[in-house]
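So the sequence lines, in the order shown, correspond to chains R and W.
According to this note's numbering, the first sequence is numbered sequentially starting from 1.
According to this note's numbering, the second sequence is numbered sequentially starting from 299.
Idealized CB from N, CA, C, for every residue including glycine.
What you are looking at is a predicted structure, and each value in this text was computed from that prediction instead of being measured.
What follows is a short report on a single structure.
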Amino acid sequence: MRYLKQFLQKMEIAIISGKGGTGKSSICAAFATLSKNVIVADCDVDSANLYLLFNPAQEEKEVFISGYKAVIIASKCTNCKICMEYCRFDAIFLKDDEVKISKIACDGCFLCSRICPENAIKMVRENKSYMYSGSFRNGKMVYGRLAPGEENSGKLVNMVRQKAKEIQKTNGIEHIILDGPPGIGCPVISTITGVDKVLIVTEPTISGLNDLVRVTGTVIKSDRKPSVIINKCDLNSSMTNKILEWCDKNEIQAEGMLPFDSEIVESMLQGKSITEYDPACGSSKKIRKIWDKILNDK
Amino acid sequence: MFKIAIASGKGGTGKTFIATNLFYTLLKNLINAVLVDCDAEAPDAVAFFKVRQFNITEVTQLIPVINKRNCTFCSKCHEYCNYNSIFILPPVKIIQVIEDLCHGCGACSVACEFNAISEKPVSLGHITKYLNVSNHFLIEARTNIGVMSPAKVIKAAIRAIDNDADIALLDSPPGTSCPFIHTVSTADYIILVTEPTPFGLSDMKQSIEVLQNLNKPFGVIINRAGLGNRQVHKYLLDKDIDLLLEIPFSKDIACLYSKGMLAAEKDTSFEGQMLEVFETIFAKNGNSNYQR
């Protein structure tokens, strides 16, 4: 019954927020350290942070090819400008009568390299991004680090999640917690696609509510129903009520509320989650309650 | 026009807080400025001002449409597509465009020798121009929900800036990948906003690496000083990076922000600090050959 049991119990939970800095990673760290054996996957691949708290012993490292960039071979180029006409990303331009390609604007579509009559454009692999995995004090951790400026963060998120699932299977670990990126674009969509539960961490500010509405739309479009944690709820109680009303109206469950607590920053400085740093404090108790509720909801 | 981007690797450090207060301060001091919200996935800057909508334009992308009558199922379009957005099974004559994966590069149309691919525009988002009470523009980039990449919408918003303003403030998306790069690469100067925590420091280092690669001048604002530790300060000192301003952590400021109010409007000393930021920037970078 081992595999059947594992199938029935396993759960993949994504924590996202729309707005940045609402406390995703702190809450994620707390959930992770409340578990005996868990997999944490940091899907915020362009600013991965959780490894700073968990300091995982690295066991594996894999290169991630984020994409390709077009480069002109100057000795072959006749400056015919045909590539300029075809490029839809405004990446090819003239400088001192010479055709140049902007690395920033290039989308790596290969079209210019295919149509160049002189074969003067080569495609160069972007291979400075990595995916890492290893062990930390409460289980396993997987994280991606997209090299600054590289693209395709969604694909790296998929690779991180794939690895997390492999580890889950081989080690028989029940839960995977995904720490998601801010925003509502490709890395977020890759984080929430097909997970068992999506948790949105918001805060009672105008931006918090606006972004909650947008990110909820994204989650619903991915056929998932999110639930919400309101962090720093005492910052503006009328805004907190507004968020609760909105949740109510849209039939979205509020899992709980956490007041602003500077001890969370203090715990981070010590390289700990709040539940490790001060298990008896109010925030830790509330987080534990939310976590138990989430696990029992399945 | 001199373009200043307000950016940060870590989300929620106070980009919009700084951008909106800087903008308010410029207008208050009768400086002709425009605010562009480039955080197209989560745009929030306009909410801090009294505005009326001036116009709205749609940003679109072309997506292939396959005419199955002309298609020979030769698979050349599938080979040309680097985004796996053409699904093809020649033996059973199935071909389908996976629209969400398409980047609109047009390679498939070029590949097709049988005139079986035409293109249709699909909406990615909108650029909305607003005017405030003193008739200054605020421009907002906003992607549609479900759109993968905000890059094209961000670029369109920056292109929509009218050249008669002296200073443009670009409220950047978080992170260090494409949305951030498309914003900061157009700027003359970048203000990085960070917080004095290990997460803030780690993300700031990544942002700095990108900006140095792009050869862009930049300075740092430390928000919520007093929380956390002194590691960010130490790093800036070691690397000789300009610290433009420190804003102490204050629940009052956080509370004003939560209500959509501007600290510079309520507190003239904060307005003074915002002006000082510009002074520091232009003392060092005011003579560059930017275009007016």
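query: How long is the line joining the alpha carbons of R:N296 and R:P56, rounded to whole angstroms?; result: 28 angstroms
query: Is any beta-carbon of chain W found at less than 8 angstroms from that of R:R224?; result: no
query: Using the C-alpha atoms, what's the distance from W:C379 back to W:K366?; result: 18 angstroms
query: Let me confirm a value: W:I304 is counted as buried when at least 16 other C-beta atoms fall within 10 Å, else exposed. Which label applies?; result: buried
query: How long is the line joining the alpha carbons of W:R440 and W:I425, rounded to whole angstroms?; result: 6 angstroms
query: Should R:V124 be labelled buried (16 or more other beta-carbon atoms within 10 Å of its own) or exposed?; result: exposed
query: Please report whether the beta-carbon of R:P204 lies at a distance below 8 angstroms from any beta-carbon of chain W.; result: yes
query: Which same chain residues end up closer than 6 angstroms to R:N236 when comparing Cβ atoms and leaving out the 5 residues on each side of it in sequence?; result: P204
query: For R:D42, which of helix, strand or coil comes out of DSSP?; result: strand
query: For W:K331, I'd like the list of residues in its chain whose CB is within less than 8 angstroms of its CB, leaving aside the five on either flank, ordered along the chain.; result: A small correction: the amino acid at residue 331 of chain W is Ala; Lys does not occupy that position in the sequence shown. F321, L324, L325, H434, A463, D464, I465, A466 and L467, listed in sequence order.
query: Please say whether R:T240 and R:S184 have beta carbons closer to each other than 8 angstroms?; result: What sits at residue 184 of chain R in the sequence shown is Ile, not Ser. Against a cut-off of 8 angstroms, the Cβ pair of R:T240 and R:I184 comes out as no contact.
query: Give me the subset of the region 175-188 of chain R whose CB atoms are less than 9 angstroms from a CB atom of chain W, sorted by chain position.; result: P181, P182, G183, I184, G185, C186, P187 and V188
query: CA-CA distance, W:E438 and W:K391?; result: 44 angstroms
query: Output needed for W:E411: all residues of its chain with C-beta closer than 8 angstroms, excluding positions within five of it in sequence on either side, in chain order.; result: C372 and K374
query: Where does W:R367 fall in DSSP's three states?; result: coil
query: Going straight from the alpha carbon of R:K197 to that of R:L52, what length do you get?; result: 25 angstroms
query: Can you say whether W:V431 is buried or exposed, counting buried as having 16 or more other CB atoms within 10 angstroms of its CB?; result: exposed
query: Quick check on DSSP: helix, strand or coil for W:N430?; result: strand
query: Could you give the distance in angstroms between the alpha-carbon of R:E62 and the alpha-carbon of R:V99?; result: 35 angstroms
query: Where does W:L320 fall in DSSP's three states?; result: helix
query: Exposed or buried, which one is R:E60 when buried takes at least 16 other CB atoms within 10 Å?; result: exposed
query: If we cut at 8 angstroms on Cβ distances, does R:R125 have a partner in chain W?; result: no
query: What does DSSP give as the partner residues of R:I177 in its beta bridges?; result: R:I13 and R:V40
query: From the beta carbon of R:N250, is the nearest beta carbon of chain W less than 8 angstroms away?; result: no
query: Within its chain, find whatever has a CB closer than 7 angstroms to the CB of R:N127; leave out the 5 residues flanking it on each side and keep chain order.; result: V63 and I65
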